[in-house]
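Asker: Numbering-wise (our numbering), the sequence shown opens with residue 13 and increments by one. Using N, Cα and C, we set each Cβ at its ideal position, and we do this for glycine too. One structure is given below, represented as structure tokens, and several questions about it will come after.
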Amino acid sequence: MSTWPTEIRLAKDRRTLHVAFEDGAAFALPAELLRVESPSAEVQGHGPTQKKTVPGKAEVEIIGVEPVGHYAVKLSFDDMHDTGIYAWDYLRELGEHGEAKMQAYLDALAEQGLSRERVKRG
């Protein structure tokens, strides 16, 4: 089943992507979730055992939303990550399972002794 969005809108604070679908489902996707669950090989690796836990993204912002054909958007983040192509079905999955994915991310951070907070360089 293919899912078609009727609206994709970036909030003014650039920390939430609002996505609405033709069946009435709508989600407010946090930039942090979108960044740490990026479908890019940089985050996902090239297989299920290669997924990386990306720390320090609590304050990340989305600085660009570009359409990719009729099937996806490419998101650019203020940490210069811009290689993720977010298909409509994947945005829907993040909307429907975002809380569980975020909890799994928080658990992975804790397990690895990492933080959501950006490391301050001085």
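Could you tell me the alpha carbon to alpha carbon distance between K137 and G96, rounded to whole angstroms?
Answerer: For residue 137 there is no data in the structure shown, the boundaries of the chain being 13 and 134.
Asker: Could you have a look at P67 and say whether DSSP puts it in helix, strand or coil?
Answerer: coil
Asker: Determine the contact status of V72 and E44, defining contact as a CB-CB distance below 8 Å.
Answerer: Yes, these two residues count as a Cβ contact at 8 Å.
Asker: A99 and A112 - do their beta-carbons sit closer together than 8 Å?
Answerer: no
Asker: Return helix, strand or coil for V131, following the three-state DSSP convention.
Answerer: coil
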